[in-house]
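Beneath this line is the structure, given in structure tokens, with notes to follow.
2 protein chains.
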Amino acid sequence: MRTSVEEVLITTGAQQALDLTGKLFLDEGDTVICESPTYTGAISALKVFAPRWVEVPTDDEGMDLEALERRLEYCDRVKLIYVVPNFQNPTGTTWSLERRRRFAEIVTQHSVAVVEDDTYGELRFEGLPLPPIKSFDSKGHIVYIGTFSKVLSPGMRIGWLTASSPLYEKYVILKQGSDLHTSTLCQMQISAYLEMFDFDKSLSRMRAVYRERRDAMIRALEKEMPKGVRFSRPSGGLFLWVELPPHMDARELLRRSLELDVAFVPGGSFFPKGNKENTLRLSYSHMPVERIEEGVRRLSAAARGMMSAGTEDARLSGVESAY
Amino acid sequence: MRTSVEEVLITTGAQQALDLTGKLFLDEGDTVICESPTYTGAISALKVFAPRWVEVPTDDEGMDLEALERRLEYCDRVKLIYVVPNFQNPTGTTWSLERRRRFAEIVTQHSVAVVEDDTYGELRFEGLPLPPIKSFDSKGHIVYIGTFSKVLSPGMRIGWLTASSPLYEKYVILKQGSDLHTSTLCQMQISAYLEMFDFDKSLSRMRAVYRERRDAMIRALEKEMPKGVRFSRPSGGLFLWVELPPHMDARELLRRSLELDVAFVPGGSFFPKGNKENTLRLSYSHMPVERIEEGVRRLSAAARGMMSAGTEDARLSGVESAY
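So the protein lines, in turn, are chains A and B.
Residues in the first sequence are numbered from 239 upward in steps of one, following our numbering.
Residues in the second sequence are numbered from 239 upward in steps of one, following our numbering.
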């Protein structure tokens, strides 16, 4: 049962909600727990407060909760857990209902604050929407973040957070210090848009477009990518996560694919401690299907080129060491 | 001679430039030097970084530079000086040319970073504009802040900062972590406005309106205020500063004047350490002349009432002690 009163604060994009959260909860050396990998923008928002990062592995159903409990037991000064349970950036993973419910129990039991970043939740292509973790928050420990950036306009910078009143009051003071208020003009424009147009219809159109592009990207990856490359199959959102064989570095792959006019984000920056360089994030949101197909073809060619060069290197170094 | 290359970063109002400045320069326990009193929003922006505040007295020509030099000599960890040289909020004070030049010399000599907040500079009613302190910045130590909030629309949240490139690069990274970017829609709207309309003419009109209101407020204060009340005579901007006799508390005056439907900001919040409660800030920007006159009449009546109550209290306590 919900015991706390919830309030909503408009923020300058979801990103500012993360900044304010850092200001509210973190002192130097405090611990932040996050999924591994996690949203790189959350890392940049929070690292200015110099926390210690503790990553928790995730699988297809979300965070590994046994691993989480071990960390909560053994880590000092855990002040915040940051999670993206819907179509996570960068992996595309969506937490199962059971994982959400159990996670809420654990954080309530440990009295630790959580930021649930639901930037992508409206962009579900298939299956039924799952309740936010916030809906299981009986003690007001969870701060829920949303935004219009991915479903209307990132240029407007209109996001929001929902928090229990005692936290909300503190967020308001921090918000005033940070930028006084979020553009009232943009707020009025969004409000007018929602009154004048059918937002749900626009969402449906958007979902259809993105679904088609996701399908195209998955098909192309299945067809083109060399053996040993694995990738996620998100049921919504904007991103898809690729794991190369362990010895391959996505930064080198980027260098090669840029020569073919194909760009992506190497995965290393999604790990607070910057390991796992054999990963990358692909985005299917922006390009039409044909260009996605062509892009994946080129990217796969670059990956194959790198693999055979690797074999060549291994052979050469074998030759060298034979001398 | 300027030796550094300067860059401009658009910020979510001037307020965000202060927030980013705190993030860039301040660790807990670092010293911030400011005018006494200073902009209360700068106090809220920076206090989240837990600095130590050191105030420097000001007179009609700006900061007392001998006092500044003593503080620079004796204070540890001075990381930042915050100043508002044009029509300061809250006092309305404008620094003289000589004070600006000498200040720039001192901060260059001490290699200390400065934020020059020029939120009100365009609102000059009389006399010639003075060069910003930034124009004497030979080493790239000074960050200059401007905004459209006071001359076009606070609701748009479009401000900017100018900094030498090494600082600028760091500001960009901090800006991305804070809110990714400032509303591009608002930026485009302001850009279109500047192309389509005569902004200088709009500024002239604004200055004329505010000048008339300032004149009305000064006339009314001269006529109505009881003896012992002093006030500033700003040559621009939005604010005027009032000093009551030392024993009077502006918070009590506010309580009394609110009963007469007159509001103002008590001065205590403009001092980082919250002293000098016998001061208040009046704003003449919003109300038409007749309401300014009526407002000052009521405020003065409240002040007179408080003074005679004070005398009465003194008389009574005199009587009491005679028993």
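Note that CB positions come from ideal geometry on N, CA and C, so glycine has one too.
Note that this is a predicted model, so its numbers are computed, not measured.
- Using a CB distance cut-off of 7 Å, Met394/B counts as an interface residue toward chain A.
- Phe325/A places its beta carbon 7 Å or farther from that of Gly506/A.
- By the C-beta criterion, the region 384–401 of chain B is judged to be in contact with the region 420–430 of chain B, since at least 3 inter-stretch pairs fall below 8 Å.
- Against Gln347/B, chain A offers no close residue; the least beta-carbon distance is about 30 Å (beta-carbon pairs closer than 7 Å).
- Of all alpha-carbon atoms in Glu433/A, Trp333/A, Leu368/A and Ala351/A, the one lying nearest the alpha-carbon of Leu303/A is that of Trp333/A.
- Beta-bridge annotation (DSSP): Leu478/B is paired with Leu520/B.
- Contact fails between the region 359–367 of chain B and the region 275–286 of chain B, because fewer than three Cβ pairs, one in each stretch, are under 8 Å apart.
- DSSP, read as helix, strand or coil, puts Pro472/B in coil.
- Closest by C-alpha distance to Ile530/A, out of Glu307/A, Ala255/A, Ala454/A and Thr357/A, is Ala454/A.
- Cβ proximity to chain B below 9 Å picks out Leu412, Gln414, Gly415, Ser416, Asp417, Leu418, His419, Thr420, Ser421, Thr422, Leu423, Cys424, Gln425, Met426 and Gln427 from the region 412–427 of chain A.
- In the DSSP assignment, Thr278/B falls within the alpha helix (DSSP H) that extends over Thr278 to Lys285.
- In the three-state reduction of the DSSP assignment, Val246/A falls in the strand class, which pools E and B.
- Per the coordinates, the alpha-carbon of Cys313/A lies some 8 Å from the alpha-carbon of Thr269/A.
- In the DSSP assignment, Ser416/A falls within the unbroken alpha helix (DSSP H) covering Ser403 to Asp417.
- Under the 8 Å Cβ criterion, the region 368–380 of chain B does not count as touching the region 402–412 of chain A, having fewer than three qualifying pairs.
- Here Tyr382/B is bridged, per DSSP, to Glu354/B and Thr400/B.
- Secondary structure at Pro275/B: coil, using DSSP grouped into helix, strand and coil.
- For the pair Leu492/A and Pro483/A, the CB atoms are not nearer than the 7 Å cut-off.
- Within its own chain, the residues whose Cβ lies closer than 7 Å to the Cβ of Arg449/A, once the five positions on either side in sequence are excluded, are Phe363, listed in chain order.
- Taking one beta carbon from each stretch, the region 249–260 of chain B and the region 279–286 of chain B have 3 or more pairs nearer than 8 Å; the two touch.
- Per the DSSP secondary-structure output, Gly359/B pairs with nothing in a beta bridge.
- Interface residue (Cβ-Cβ distance to chain A less than 7 Å): Lys317/B is not classified as such.
- Nearest to Val389/B by alpha-carbon distance, out of Gly359/B, Ala401/B, Leu405/B and Leu368/B, is Gly359/B.
- Take the alpha-carbon of Val243/A and the one of Arg337/A: they are about 25 Å apart.
- Secondary structure at Lys317/B: strand, using DSSP grouped into helix, strand and coil.
- Residues of chain A whose Cβ lies closer than 7 Å to the Cβ of Ser282/B are, in chain order, Gln414 and Gly415.
- For Pro464/B, the closest C-alpha among the options Val480/B, Arg452/B and Asp265/B is that of Val480/B.
- Collapsing the DSSP output to three states places Val292/A in a strand.
- Beta-bridge analysis with DSSP links Pro328/A to no other residue.
- Taking C-beta atoms under 8 Å as the contact rule, Pro510/A and Ile271/A fail to qualify, at a distance of about 10 Å.
- With its beta carbon at least 7 Å from every one in chain B, Lys408/A lies outside the interface.
- For a Cβ distance threshold of 7 Å, residue set Asp417 and Leu418 of chain B lies close to Gly251/A, ordered along the chain.
- Between the beta-carbon of Val350/B and that of Leu310/B there is about 7 Å, and that keeps the pair under the 8 Å contact cut.
- Taking all protein chains shown into account, Glu354/A has 16 or more neighbouring C-beta atoms within 10 Å of its C-beta and is therefore buried.
- Of all residues in the region 269–280 of chain A, those with a C-beta nearer than 8 Å to a C-beta of chain B are Gly279, reading in chain order.
- At a C-beta separation below 8 Å, Asp257/B has these neighbours in chain A: Gly415, Ser416 and Asp417.
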